[in-house]
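Below is one structure; the comments refer to it alone.
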Amino acid sequence: MTGVNQIWVSDITYYEMNSKFYYLTFIMDQYSRRIIGYSASRTLKTVNTTVPALQMALERITGREEVKPIIHSDGGGQYYSKEFLSITRGLLRNSMCDNVYENPHAERINGTIKNSYLKAYNPIDFNSLNRKLSKAVYMYNHEKPHSSINHFTPVEYEGKKRKELITLNFH
95 MTGVNQIWVS DITYYEMNSK FYYLTFIMDQ YSRRIIGYSA SRTLKTVNTT VPALQMALER
155 ITGREEVKPI IHSDGGGQYY SKEFLSITRG LLRNSMCDNV YENPHAERIN GTIKNSYLKA
215 YNPIDFNSLN RKLSKAVYMY NHEKPHSSIN HFTPVEYEGK KRKELITLNF H
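In the working numbering, the protein residues as written are 95 to 265.
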C-alpha cells in the first residue's frame, strides 16, 4: 500500500444508550487511518448503515481512477446487499473476510470511537449521538496522532504525503 484510496476498511458496531441499541458504521482509509465515511442508525438496514457511510466516502474519488479502491469488510449482509453492491459496482473492488480477525483496522476504529470518544461525550439521545459522532470523527481525524503514521494525525499525514507527491512530480 503506497497511498490513500487504495484500501478502505469498514465495519458496523453497536452503541448502547438508554437501554436501546444504535448502530455505527465506519469506513476508514487504511493508509492514512482517516475515517472517510460514517453513520449512526436506529436499525441495521443497509440504507441506514453502510449506504450513507459509503456515499460520504465516495466523495474522495472521481470514479476515473486507474486502480479502484478495495473496500474490505466483514461478511455482514449490509456489505453484500443489492443496495450496497449497486453503488460500489464500477467504483470499488469489494473484499469480505470470514471472521473479525481478518479486519483488525476496522475493529480497532469501532472500539476507539466508542470507548475513547463517545463514552466521554455521553450522548443522551439519537440526535445527540449523531452530533457527538461527528465531533468524535473530527477529533480522531484532526487531533489524534497515530504511532503507525509517524505520530501525525490522519489529516496531517494525508497532507504531508500529498505535498511529497507534488514535490516528486515537479522534479
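Glycine included, C-beta positions come from ideal geometry on N, C-alpha and C. Note that this is a predicted model, so its numbers are computed, not measured.
(request) Determine contact between the segment 165 to 180 and the segment 98 to 106, defined as no fewer than three beta-carbon pairs at a distance below 8 Å. (result) Segment contact: the segment 165 to 180 against the segment 98 to 106, three or more CB-CB distances shorter than 8 Å; contact assigned.
(request) Can you have a look at ALA134 and say buried or exposed, based on whether 16 or more other CB atoms are within 10 angstroms of its CB? (result) Note on ALA134: 16 or more other CB atoms within 10 angstroms of its CB, so buried under the neighbour-count rule.
(message) Would ASN122 and ALA214 be called neighbours here (beta carbons separated by less than 8 Å)?
(response) For the sequence presented, residue 122 should be read as Met rather than Asn. No Cβ-Cβ contact shorter than 8 Å links MET122 with ALA214.
(request) Report the residue from ARG127, VAL231 and PRO198 whose alpha carbon sits nearest the alpha carbon of GLN100. (result) Nearest C-alpha to GLN100: ARG127.
(message) If I follow the unbroken beta strand (DSSP E) through GLY131, where does it start and stop?
(response) Segment 129 to 135, the beta strand (DSSP E) holding GLY131.
(request) Could you round the C-beta distance between ALA151 and ILE130 to whole angstroms and report it? I think they count as a contact, below 8 Å. (result) The Cβ separation is near 4 Å, so the contact holds.
(request) Starting from the C-beta of PRO217, find all residues in its chain whose C-beta is less than 7 Å away, skip the five residues before and the five after it, and write them out in chain order. (result) Listed in chain order, the non-local C-beta contacts of PRO217 below 7 Å within the same chain comprise MET111, LEU223 and LYS226, local neighbours out to five positions each way being set aside.
(message) Give me the DSSP bridge partner(s) of THR119.
(response) DSSP output for THR119 lists ILE106 and SER133 as bridge partner(s).
(request) Output the distance between the C-alpha atoms of ILE155 and GLN149, rounded to the nearest integer angstrom. (result) Roughly 11 Å separates the two Cα atoms.
(request) Can you grab the Cα-Cα spacing for the pair ILE207 / GLU160, in whole Å? (result) Near 32 Å, if we compare the C-alpha coordinates of GLU160 and ILE207.
(request) Express the C-alpha separation of LEU118 and VAL231 in angstroms, rounding to a whole number. (result) Their Cα atoms are separated by approximately 12 Å.
(request) Kindly indicate which three-state DSSP category MET150 falls into: helix, strand or coil? (result) DSSP places MET150 within a helical segment (H, G or I) once states are collapsed to three.
(request) From the DSSP output, read off the bridge partner residues of LYS114. (result) Bridge partners of LYS114: MET111.
(message) I'd like to know whether the C-beta atoms of GLY157 and MET190 end up nearer to each other than 8 Å.
(response) For GLY157 and MET190, no; Cβs fall outside 8 Å.
(message) Can you tell me whether THR96 is buried or exposed? The criterion is at least 16 other CB atoms within 10 Å of its CB, across all chains shown.
(response) By the 10 Å Cβ count, THR96 comes out exposed.
(message) Less than 8 Å between the beta carbons of THR140 and SER175, yes or no?
(response) At a Cβ-Cβ threshold of 8 Å, THR140 and SER175 count as neighbours.
(request) Could you please give me the residues that DSSP links to SER228 through a beta bridge? (result) Under DSSP, SER228 takes part in no beta bridge, so it has no partner.
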